[in-house]
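Residue numbers (the working numbering): 35 to 173. The C-beta atom is built at its ideal place from N, Cα and C for all residues, glycine as well. Report on the following structure.
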C-alpha cells in the first residue's frame with residue numbers, strides 16, 4: 035500500500051494543500067495520513083496555552099482530512115503534542131510514508147531568517163521525499 039503523509043500547519047487553512055494531496059493520492063492510488071503538531075519552535079516563549087495550541091492543531095488536521103475524504107480518498111488524521119519537525123518525521127516513519135507533503139512557508143522574510151522554516155528543516159532532515167506545495171497566490 036502506498037501512503038502519503040500531509041503535514042497540516044496548526045492554525046492555518048490550507049485547502050490548496052489538501053487538493054494537491056488528493057491529486058497525488060489519486061495518481062498513485064495511495065492513502066493519506068494527515069498530521070498536525072501543536073508545538074512551537076520556541077515553546078518556552080509562548081504566551082498561548084497548550085490547550086489552545088492543541089485545539090488549533092486538531093482543527094487543522096480535521097479540516098484537511100475532511101477535504102481529502104470529500105474527494106473520495108481514504109484518509110486518517112491525527113494531532114500530536116510536541117515540536118513540529120521531529121513530530122512529522124516520526125509520524126512519517128510510523129506510517130511508512132512514501133512521501134511527505136507540506137505547504138511552503140507562510141512566514142515573513144524576517145521570521146524566516148531568524149527561525150528558518152519548518153519546510154526547509156523537513157527537507158533537510160527527512161530520509162523520505164518531501165514534496166513542497168506553494169499556495170496558489172505565490173505559485
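List the DSSP bridge partners of residue 38.
BP columns for residue 38 point to 66 and 133.
Enclosing beta strand (DSSP E) for residue 152 [first to last residue]:
Where residue 152 is concerned, there is no enclosing beta strand (DSSP E), although the alpha helix (DSSP H) it sits in stretches over 152 to 159.
Check for me: the alpha helix (DSSP H) holding residue 91 runs from which residue to which?
From DSSP, the alpha helix (DSSP H) with residue 91 extends over 84 to 104.
Output yes or no for whether 8 Å exceeds the beta carbon distance between residue 138 and residue 167.
Taking 8 Å as the Cβ cut-off, residue 138 and residue 167 qualify as a contacting pair.
Where residue 115 falls: helix, strand or coil (DSSP):
In the structure shown, residue 115 sits in coil (DSSP, three-state: anything other than H, G, I, E or B).
So, using beta-carbon positions, are residue 42 and residue 95 closer together than 8 Å?
Yes, the pair counts as a contact, with Cβ atoms nearer than the cut-off.
Simplified DSSP state of residue 107, which is helix, strand or coil:
In the three-state DSSP reduction, residue 107 falls in the coil class, being neither helix nor strand.
To the nearest angstrom, how far is the alpha carbon of residue 53 from that of residue 102?
When rounded, the separation of the alpha-carbon atoms in residue 53 and residue 102 is 7 Å.
Confirm, please, whether the CB-CB distance from residue 109 to residue 152 is below 8 Å.
No, the Cβ-Cβ distance between residue 152 and residue 109 is not below 8 Å.
Contacts around residue 145, its chain only, beta-carbon distance under 6 Å, and the 5 residues preceding and following it disregarded:
Here the model assigns residue 145 a pLDDT of 47, short of 50, so the residue's position is not dependable and the matter cannot be decided.
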